[in-house]
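Data first, discussion second: the structure below is written as structure tokens.
There are 2 protein chains.
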Amino acid sequence: MSDQHLDLIERQVTDFIRRIILTEKQFNNLDRSAYILLRQLATYGPAGVKTLAQDLHLDISTVSRQASVLVDKKYVEKIPNPDDRRSYYYQITSIGSLELEENKQRRYDRLSGILEDWSEEDKERFGLLLKKYNETVNEKLDL
Amino acid sequence: MSDQHLDLIERQVTDFIRRIILTEKQFNNLDRSAYILLRQLATYGPAGVKTLAQDLHLDISTVSRQASVLVDKKYVEKIPNPDDRRSYYYQITSIGSLELEENKQRRYDRLSGILEDWSEEDKERFGLLLKKYNETVNEKLDL
DNA sequence: TTATATAGTTGTATAATACAACTATATTGG
DNA sequence: CCAATATAGTTGTATTATACAACTATATAA
Numbered sequence: 001m002s003d004q005h006l007d008l009i010e011r012q013v014t015d016f017i018r019r020i021i022l023t024e025k026q027f028n029n030l031d032r033s034a035y036i037l038l039r040q041l042a043t044y045g046p047a048g049v050k051t052l053a054q055d056l057h058l059d060i061s062t063v064s065r066q067a068s069v070l071v072d073k074k075y076v077e078k079i080p081n082p083d084d085r086r087s088y089y090y091q092i093t094s095i096g097s098l099e100l101e102e103n104k105q106r107r108y109d110r111l112s113g114i115l116e117d118w119s120e121e122d123k124e125r126f127g128l129l130l131k132k133y134n135e136t137v138n139e140k141l142d143l
Numbered sequence: 001m002s003d004q005h006l007d008l009i010e011r012q013v014t015d016f017i018r019r020i021i022l023t024e025k026q027f028n029n030l031d032r033s034a035y036i037l038l039r040q041l042a043t044y045g046p047a048g049v050k051t052l053a054q055d056l057h058l059d060i061s062t063v064s065r066q067a068s069v070l071v072d073k074k075y076v077e078k079i080p081n082p083d084d085r086r087s088y089y090y091q092i093t094s095i096g097s098l099e100l101e102e103n104k105q106r107r108y109d110r111l112s113g114i115l116e117d118w119s120e121e122d123k124e125r126f127g128l129l130l131k132k133y134n135e136t137v138n139e140k141l142d143l
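Order-wise, the sequence lines are chains A and B.
Counting in full-length UniProt numbering, the final residue of the first sequence is number 143, and the numbers go up one at a time with none missing.
Counting in full-length UniProt numbering, the final residue of the second sequence is number 143, and the numbers go up one at a time with none missing.
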């Protein structure tokens, strides 16, 4: 069982996460949670808090608060659902899209600087393995 | 510039981190910060809060609090430095080592379950690329 | 048409963090 | 050699991201 590769991954993952979370505050305008929520709305279109909470693996109350922050900043619009007056959907605004793109670009630039000496092959592999990991986790959990 | 691989990595990294942070609470006894601090002491030996803070990229006050939690739980011992009465060093106890090992094993087991269908080659690559990323970041920041 | 289920919000609590103010001890320069 | 400064650590306060529980308003079902 004592798998050498697991040991390496386990160790590197904690360092990886720690470092990214601590440094990204200095480089990005939008904080992590806002960025992820905005990206979700931009990628998959308008949705209500329940759906968003499910998709983002968060509590509804958490998303509710995060969404109202974005509303206050005019990054998203809160639109009542005409078919169900209990619910709403949040739609990204043009200001929100702009802000998202700026942040995305800043993240790319930073990543690009870090990976500048990597071969294209290693960059591709890294992205694919992260994707594979995420997909594997999703499969295992959605039983 | 618009590098397809960067795009993939950027996207996958946020998902990766989000998912790990949210799920690990359910599986581990020690929380993330305690685990990392304990692992640091186990790996590199006794140290004071200043050194620990530098090595872990945290504020001294943060480490000070985290260390006192570990002291309360008897996982580490706070030993005065005989050569400098301002300072201390924290040393992991046998209870602490045991707790660390149990947690490490639980993390391995979980990771092992997730990666059970991966080839040895992919596991190795993934660990090595994470390591390479971490090393690259360290080089770039320690100018 | 009442009982129950659902979408969302808000109150409260917790964890991890940083910064600033502070205490106690060491080191250094006139 | 002692006054000024630097250093190790702690504690007060604030922020951010999160969850759970209680609640409101609306919809659906028995």
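C-beta atoms are modelled at their ideal positions from N, C-alpha and C, and glycine is treated no differently.
What you are looking at is a predicted structure, and each value in this text was computed from that prediction instead of being measured.
Burial state of residue i (16 or more Cβ within 10 Å)
| i | result |
| --- | --- |
| residue 100(A) | buried |
| residue 10(A) | buried |
| residue 12(B) | buried |
| residue 22(A) | exposed |
| residue 15(A) | buried |
| residue 127(B) | buried |
| residue 79(A) | exposed |
| residue 141(A) | exposed |
| residue 25(B) | exposed |
| residue 74(A) | exposed |
| residue 143(B) | For residue 143(B), the predicted structure reports a pLDDT of 46, less than 50, and the residue's modelled location is therefore unreliable. The matter cannot be settled from this model. |
Chain-order list of residues whose beta-carbon lies under 7 Å from that of residue i (same chain, five-residue window excluded)
| i | result |
| --- | --- |
| residue 138(A) | none |
| residue 40(B) | 52, 55, 56 |
| residue 60(B) | 49, 50, 53 |
| residue 121(A) | none |
| residue 103(B) | 28, 29, 30, 35 |
| residue 144(B) | Since the displayed chain B opens at 1 and closes at 143, residue 144(B) lies outside it and no answer follows. |
| residue 123(B) | 115 |
| residue 32(B) | 24 |
| residue 125(A) | none |
Coil, strand or helix - residue i by DSSP
| i | result |
| --- | --- |
| residue 3(A) | coil |
| residue 10(B) | helix |
Contacting residues, own chain, Cβ-Cβ under 8 Å from residue i (five flanking each side not counted)
| i | result |
| --- | --- |
| residue 81(A) | 48, 87, 88, 89 |
| residue 70(A) | 34, 37, 38, 76, 90, 96 |
Own chain, CB closer than 6 Å to residue i, minus 5 neighbours either side, in chain order
| i | result |
| --- | --- |
| residue 110(B) | 27 |
| residue 92(B) | 41, 42, 76 |
Restricting to runs no shorter than 3 residues, where is the beta strand (DSSP E) found entirely within the stretch 56-143 of chain B?
76-80, 88-92
On the three-pair Cβ rule with 8 Å, is the stretch 79-94 of chain B touching the stretch 87-101 of chain A?
no
Between the stretch 53-70 of chain B and the stretch 41-56 of chain A, are three or more C-beta pairs nearer than 8 Å?
no
Identify every run of the alpha helix (DSSP H) within the stretch 17-51 of chain A, keeping only runs that are complete inside it and at least 4 residues long; order them along the chain.
32-44
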